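Read the structure below first, then the notes.
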Amino acid sequence: MKICVITTAHPPNDVRINKEIKTALKAGASITYIAPQGVFDIDGVDYIPITKHASRIKRFVFGSREAFKKALKVDANIYHFHDPELINIGIKLKKTGKKVIYDIHENYPSVILQKTWIPRFLRKILAKVVDVKERRAVSKFDGIVVVVPQQLQRFQGVREFAVLPNYPESTIFNEVSENKKSDKLRFVYVGSLDEDRAIIEMIKAYEILVGKGYEIELHLAGPIYTEKIRQFIQRAEVTLKGFRYFGQVPYKKALEITANSDIGMLVIHRGKSKEESSPLKMFEYMAFGLPIIASNFDYWKNILENPSCALYVDPESPEDIAKKMELLVKDQVLRKTLGNAGREKSKNYLWESIEECLVELYERVGKK
1 MKICVITTAH PPNDVRINKE IKTALKAGAS ITYIAPQGVF DIDGVDYIPI
51 TKHASRIKRF VFGSREAFKK ALKVDANIYH FHDPELINIG IKLKKTGKKV
101 IYDIHENYPS VILQKTWIPR FLRKILAKVV DVKERRAVSK FDGIVVVVPQ
151 QLQRFQGVRE FAVLPNYPES TIFNEVSENK KSDKLRFVYV GSLDEDRAII
201 EMIKAYEILV GKGYEIELHL AGPIYTEKIR QFIQRAEVTL KGFRYFGQVP
251 YKKALEITAN SDIGMLVIHR GKSKEESSPL KMFEYMAFGL PIIASNFDYW
301 KNILENPSCA LYVDPESPED IAKKMELLVK DQVLRKTLGN AGREKSKNYL
351 WESIEECLVE LYERVGKK
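Quick note on numbering: UniProt numbering labels position 121 of the sequence shown as 121, and the sequence is numbered without any gaps.
Okay, here's the thing in structure tokens:
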């Protein structure tokens with residue numbers, strides 16, 4: 001089976017896409033990968049780089065066009081694309097008789113409603129347009145991949161699908177070395193840095209604890225998406241002792257930063273797309289035995305409880321976040337209890353336990 005994987009919005013080393021590619025390779029598939037120029041190091045894949053556009057508009061117009069031209073030359077059995085901006089490309093491929101799978105990483109209409117860089121009066125309009133477009137397109141495609149079962153509620157009647165949560169691979173432990181040199185308690189967050197991720201509230205909470213005289217650290221890593229966050233982080237680097245921003249780092253480095261920390265921060269603002277998500281970092285924190293401070297979302301509690309490996313906070317309250325951070329700073333036994341529970345639970349949340357669902361979807365679609 002020949003599969004062509006396409007993305008214009010993600011870097012070629014995107015963790016989720018790369019996991020799926022490795023799963024398909026293990027199943028014996030031949031993989032062609034069309035993605036923006038960048039670092040990609042999976043052996044056995046025909047990687048076809050396309051132009052990396054900084055502008056979203058240029059990426060949508062020119063990136064999609066370039067990806068489509070190169071995809072036609074591949075002549076694959078199945079085309080598996082990962083971005084809503086490629087929906088039109090998926091429809092065009094269907095018209096040529098190709099089999100198409102759409103990988104829906106998030107509830108995009110809900111995501112749009114939370115994008116602060118989009119003028120408020122446009123958000124509802126754009127969200128509605130994307131919602132209608134996705135629903136109509138999915139009815140034409142041969143299958144979809146989602147992250148959580150709740151996403152399927154938007155696509156009533158879809159016949160072929162796979163639910164693939166963002167579980168880490170078991171091999172992540174082989175990717176890192178633990179070499180923490182500081183004896184100070186270290187909080188960590190690795191991921192996108194914007195207002196929705198409660199970065200401002202997180203830093204304010206840390207500032208409260210530093211103001212009380214606690215000798216602790218807060219390490220952040222990931223891309224910054226707004227100027228407001230950039231300025232906030234720059235101020236924190238100058239004024240807050242123990243604060244460190246690593247910038248955007250490769251996945252292996254992100255794992256090392258996480259493994260060499262003591263408490264994982266998973267504080268995200270409310271919103272349907274976030275409250276029904278399964279962030280990769282949640283499972284990585286668990287796998288490395290880090291107690292977690294998490295937003296008080298019911299869906300997350302279903303994962304993090306019984307036994308509990310987290311404390312929950314109001315994601316929009318720096319005071320509540322600081323209170324739970326202080327509780328973990330003071331209580332070593334609680335830290336160990338939550339961390340051990342998370343490490344044990346993480347054995348149930350590994351990529352290898354679900355990857356066969358993707359292979360089975362490919363097989364079903366391939367037989368159509």
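Where a beta carbon is used, it is the ideal one built from N, C-alpha and C, also for glycine. Just so we're clear, the structure is a prediction, and the values are computed from it rather than from any experiment.
Legend entry - For Val39, the three-state DSSP class (helix, strand or coil): Secondary structure at Val39: coil, using DSSP grouped into helix, strand and coil.
Inset, instruction - Report the three-state DSSP secondary structure of Asp103 (helix, strand or coil). - result: Strand, per DSSP.
Inset, instruction - Return yes when the Cβ of Leu240 is within less than 8 angstroms of the Cβ of Tyr206, no when it is not. - result: Tyr206 places its beta carbon less than 8 angstroms from that of Leu240.
Legend entry - Outcome for Pro250 when other beta-carbon atoms lying within 10 angstroms are tallied against a minimum of 16: Label assigned to Pro250: exposed.
Inset, instruction - Could you pull out every residue in the same chain whose Cβ sits closer than 8 angstroms to the Cβ of Glu217, ignoring the five residues on either side in sequence? - result: The residues Ser182, Lys184, Leu185, Arg186, Phe187, Gly242, Phe243 and Arg244, in chain order, have a CB closer than 8 angstroms to that of Glu217 in the same chain once the five nearest residues on each side in sequence are set aside.
Legend entry - Segment contact, 8 angstroms Cβ cut-off, at least three pairs: the stretch 143-155 with the stretch 250-263: Cβ pair count under 8 angstroms is below three, so no.
Legend entry - Local Cβ density within 10 Å of Asn302, reported as buried at 16 or more and exposed below that: Classification for Asn302: exposed.
Legend entry - Nearest neighbour of Lys345, chosen from Pro168, Asp196, Ile229 and Lys368 [CA to CA]: Nearest option by C-alpha distance: Pro168.
Inset, instruction - Look at the Cβ atom of Glu85, then the Cβ atom of Thr8, and state whether they are nearer than 8 angstroms. - result: Yes, the Cβ-Cβ distance between Glu85 and Thr8 is below 8 angstroms.
Inset, instruction - Taking 8 angstroms as the cut-off, decide whether the C-beta atoms of residue 384 and Val138 are in contact. - result: It is not possible to answer for residue 384, since the shown part of the chain is limited to 1 through 368.
Legend entry - Alpha-carbon to alpha-carbon, Thr116 and Ile125: The alpha-carbon atoms of Ile125 and Thr116 are separated by roughly 14 angstroms.
Legend entry - Stretch-stretch touch, CB-based, cutoff 8 angstroms, three pairs: the stretch 219-227 with the stretch 192-204: By the Cβ rule, the stretch 219-227 counts as touching the stretch 192-204, because three or more pairs are nearer than 8 angstroms.
Inset, instruction - Name the residue from Gln37, Ala35, Ile50 and Cys4 whose alpha carbon lies nearest to the alpha carbon of Ala29. - result: Of the listed residues, the one whose Cα sits closest to Ala29 is Cys4.
Inset, instruction - Could you spell out the range, first to last residue, of the alpha helix (DSSP H) harbouring residue 369? - result: Here the chain comprises residues numbered 1 to 368, so residue 369 is not present and cannot be evaluated.
Legend entry - Three-state secondary structure assigned by DSSP to Lys184: Lys184 falls in the coil class under three-state DSSP.
Inset, instruction - Leaving aside the five residues before and after Pro11 along the sequence, list all residues of the same chain whose C-beta is less than 8 angstroms from its C-beta, in chain order. - result: Taken in chain order, the residues that qualify are Ala35, Pro36, Gly38 and Val39.
Inset, instruction - Within its chain, find whatever has a CB closer than 8 angstroms to the CB of Cys357; leave out the 5 residues flanking it on each side and keep chain order. - result: Listed in chain order, the non-local C-beta contacts of Cys357 below 8 angstroms within the same chain comprise Ala162, Val163 and Leu164, local neighbours out to five positions each way being set aside.
Inset, instruction - State the start and end residues of the unbroken alpha helix (DSSP H) segment that holds Lys94. - result: Taken as a continuous stretch (DSSP letters only), the alpha helix (DSSP H) holding Lys94 covers Ile87 to Lys95.
Inset, instruction - Tell me whether Asp83 is buried or exposed, calling it buried when 16 or more other Cβ atoms sit within 10 Å of its Cβ. - result: Asp83 comes out buried.
Inset, instruction - Spatial neighbours of Lys368 within its chain, please: CB distance less than 7 angstroms, with the 5 preceding and 5 following residues excluded, ordered by chain position. - result: Correct list, in chain order: Lys99 and Asp142.
Inset, instruction - Within its chain, find whatever has a CB closer than 6 angstroms to the CB of Leu338; leave out the 5 residues flanking it on each side and keep chain order. - result: Correct list, in chain order: Pro291 and Cys309.
Inset, instruction - For the stretch 139-163, list the beta strand (DSSP E) runs that are entirely contained and at least 3 residues long, ordered along the chain. - result: Unbroken beta strand (DSSP E) stretches of 3 residues or longer found wholly inside the stretch 139-163: 143-146 and 161-163, given in chain order.
Inset, instruction - On a CA-only basis, which of Asp298, Leu255 and Val129 is nearest Leu280? Give me that one, please. - result: Nearest Cα to Leu280 within the set Asp298, Leu255 and Val129: Leu255.
Legend entry - Same chain, Cβ closer than 7 angstroms to Glu326, neighbours up to 5 away in sequence not counted: Cβ neighbours of Glu326 beyond the five flanking positions: Leu209.
Inset, instruction - Helix, strand or coil for Thr32, going by three-state DSSP, please let me know. - result: Of the three classes helix, strand and coil, the one that applies to Thr32 here is strand, per DSSP.
Inset, instruction - Output the boundary residues of the alpha helix (DSSP H) element that contains Tyr312. - result: That residue, Tyr312, is in no alpha helix (DSSP H); its beta strand (DSSP E) goes Ala310 to Val313.
Legend entry - For Leu220, the first and last residue of its enclosing alpha helix (DSSP H): DSSP places Leu220 outside any alpha helix (DSSP H); the residue lies instead in the beta strand (DSSP E), whose first and last residues are Ile216 to Ala221.
Inset, instruction - Grab the span of the beta strand (DSSP E) containing Pro49 for me, first residue to last. - result: In this chain, the beta strand (DSSP E) harbouring Pro49 covers Val45 to Ile50.
Inset, instruction - Please report the Cβ distance between Ile91 and Lys140, rounded to the nearest whole angstrom; I am assuming they are in contact, meaning their Cβ atoms lie under 8 angstroms. - result: The beta carbons of Ile91 and Lys140 sit about 6 angstroms from each other, so the pair counts as a contact at 8 angstroms.
Inset, instruction - With distances taken Cα to Cα, identify the nearest neighbour of Val365 among Gly44, Asn88, Val132 and Arg159. - result: Per the Cα distances, Arg159.
Inset, instruction - Assign Arg230 to buried or exposed, taking buried as 16 or more other Cβ atoms, counted over all protein chains shown, within 10 Å of its Cβ. - result: Exposed.
Legend entry - Extent of the continuous beta strand (DSSP E) run through Arg244: From DSSP, the beta strand (DSSP E) with Arg244 extends over Phe243 to Tyr245.
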